[in-house]
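Enquirer:
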Amino acid sequence: MVDRYLWGKVERISPEAPVPVVDISREENRLGGAANVALNLRALGAAPVLCGAIGADAEGESFCQLLHTHHFDDSLLLHTPERRTTVKVRIIGNQQQMLRVDKEDRSYLSSLQRQEVLKLLAPRLQEFDALVFQDYDKGFLHPTFIAEVMQLAQQHGLPVVVDPKFQHFWAYAHCQLFKPNLKELNEALNLRLQKNELEALARAVAQLRSRMPHRHTLVTLSEAGMLLLDEHMQPLHLPAHYRQITDVSGAGDTVLSLMALGMAAGFSPAQSMYFANLAGGLVCEEVGVVPVNRHKLVAEAERVQQANLRTE
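Sequential numbering of the sequence shown, starting at 1400, is according to this note's numbering.
1. Is there contact here, the region 1518–1531 with the region 1489–1500, by at least three beta-carbon pairs under 8 Å?
2. How many Å lie between Phe1462 and His1640 at the Cα?
3. Starting from Met1625, trace the beta strand (DSSP E) in both directions and tell me its first and last residue.
4. DSSP state of Ala1452, grouped into three classes?
5. For Gly1444 and Arg1482, which I take to be in contact (beta-carbon distance under 8 Å), what is that distance rounded to the nearest angstrom?
6. Is the CB-CB distance between Leu1696 and Ala1675 below 7 Å?
7. What residues in its chain sit with their C-beta under 6 Å from that of Ala1552, if we drop five residues either side in the sequence?
8. Considering only residues of the same chain and omitting the five flanking positions on each side of Asn1439, which have a CB-CB separation below 7 Å?
9. Rounded to whole angstroms, what's the CA-CA distance from Asn1352 to His1615? Just pull it up for me.
10. What are the boundary residues of the alpha helix (DSSP H) that Thr1653 is part of?
11. With 7 Å as the threshold, decide whether the Cβ of Met1672 is near any Cβ in chain B.
12. Quick one: what's Phe1532 bridged to in DSSP?
13. Using only the heavy atoms of the ligand COA, determine whether one of them is closer than 6 Å to the beta carbon of Leu1530.
14. Please identify the residue among His1631, His1469 and Ala1457 whose C-alpha is closest to the C-alpha of Leu1449.
15. Express the C-alpha separation of Met1611 and Ala1572 in angstroms, rounding to a whole number.
16. Tell me the DSSP secondary structure of His1694 in three-state form.
17. Exposed or buried, what is Glu1458 when buried is set at 16 or more other beta-carbons lying within 10 Å of its beta-carbon?
18. Please tell me whether Lys1594 and Leu1617 are closer than 7 Å, where the distance is taken between their beta carbons.
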């Protein structure tokens, strides 16, 4: 999807309604959604390949131009005139997000279109070290398509990392890592758990795994950090790594990217989680959806290590 930003200043309230008037001074398009995951992976030194669908429209052209600017492989993208390209428009006033407007078509691809995507994807899987599902519930991921891709990944021995949405929450059995946030976990299990109820959250994950077996579970808890339960159901909680929160947009993409890259590189889930937590905090210091590059991440890890040594 395309993330479009309208940047400006707010100096008055509208006489027409009790809303701020944003005087726009700059417009910017960025790669969003699963493409932001790819941006994060690229910034960390990986070579991601995007698989998805865009419309044959002006927004789709903008998306492709952005892909080419960042030197991404676009050979697994389906271009279809039957749907519009998803665009999220964020209006930023005085460095704060004032409003978001979504333009999208969330209907499923046709069966024929899904088969076309599979024909593109299947012969390429042997090139990859991991497969990432970033499910934004925009119509590209259909239960049948998910099952077919999961089966192909299993045949190739690829670890599968998943960031789910509610509609397909239960479609990812036997993935390597399942990363719901607290809201998604509560909705799926019809619970009302709070961020600090770590023991209850661990029990909820056990319930989740009994219904949908998978290897590792990472529950993101916003400002309360994240909770990992490994394949042995051993819990590990990390408090959120924040210095200054400016905008939480894209933090989930960043965490998913670090977990996927770490596990593809052979790191343990706990090791991957440590760096994911650092990166998730760093991205919240920026306005808008932005990737965290490896140099900034390494510098932050060194800073934290030095700070910990001083307090020991």
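Positions of the beta carbon are idealized from the N, C-alpha and C atoms, including for glycine.
Expert: According to the structure shown:
1. no
2. Taking the sequence shown and counting its residues from 1, the one referred to as residue 1462 is at position 63. Taking the sequence shown and counting its residues from 1, the one referred to as residue 1640 is at position 241. Each residue's alpha carbon lies about 32 Å from the other.
3. Indexing the sequence shown from 1 puts residue 1625 at position 226. Looking at the DSSP string, the run of the beta strand (DSSP E) that includes Met1625 is Met1625 to Leu1628.
4. Here residue 1452 refers to the residue found at position 53 when the sequence shown is read from its first residue. Three-state DSSP puts Ala1452 in a strand.
5. Reading the sequence shown from its first residue, position 45 is the one you call residue 1444. Reading the sequence shown from its first residue, position 83 is the one you call residue 1482. Not quite, the Cβ-Cβ distance comes to about 33 Å (not below 8 Å), so this is no contact.
6. Numbered from its first residue, the sequence shown carries residue 1696 at position 297. Numbered from its first residue, the sequence shown carries residue 1675 at position 276. For Leu1696 and Ala1675, no; Cβs fall outside 7 Å.
7. For this step, residue 1552 is matched to residue 153 along the sequence shown. Leu1530 and Val1559.
8. Against the sequence shown, residue 1439 aligns to sequence position 40. The answer, listed in chain order, is Asp1652, Thr1653, Ser1656, Pro1690 and Val1691.
9. Because the chain in this structure spans residues 1400 to 1711, residue 1352 falls outside the shown range and cannot be described.
10. Numbered from 1 along the sequence shown, position 254 holds the residue referred to as residue 1653. Its alpha helix (DSSP H) spans residues Ala1650 to Ala1663.
11. Looking at the structure shown, chain B is missing, and only one protein chain is on hand.
12. As a first step, residue 1532 is located in the sequence shown; it is residue number 133 there, counting from the start. DSSP, once it has assigned bridges, lists Val1561 as partnering Phe1532.
13. The ligand COA is absent from the structure shown, which contains no ligand whatsoever.
14. In the sequence shown, the residue the question calls residue 1449 occupies position 50. The shortest C-alpha separation from Leu1449 is found at His1469.
15. Counting from one through the sequence shown, the residue named residue 1572 turns up at place 173. Counting from one through the sequence shown, the residue named residue 1611 turns up at place 212. Cα to Cα, the separation comes out at about 5 Å.
16. If you number the sequence shown from 1, residue 1694 lands on position 295. Reduced to three states, the DSSP call for His1694 is helix.
17. For the purposes of this step, residue 1458 is taken as residue 59 along the sequence shown, with counting starting at 1. Buried is the call here.
18. Counting from 1 along the sequence shown, the entry for residue 1594 is found at position 195. Counting from 1 along the sequence shown, the entry for residue 1617 is found at position 218. No, the Cβ-Cβ distance between Lys1594 and Leu1617 is not below 7 Å.
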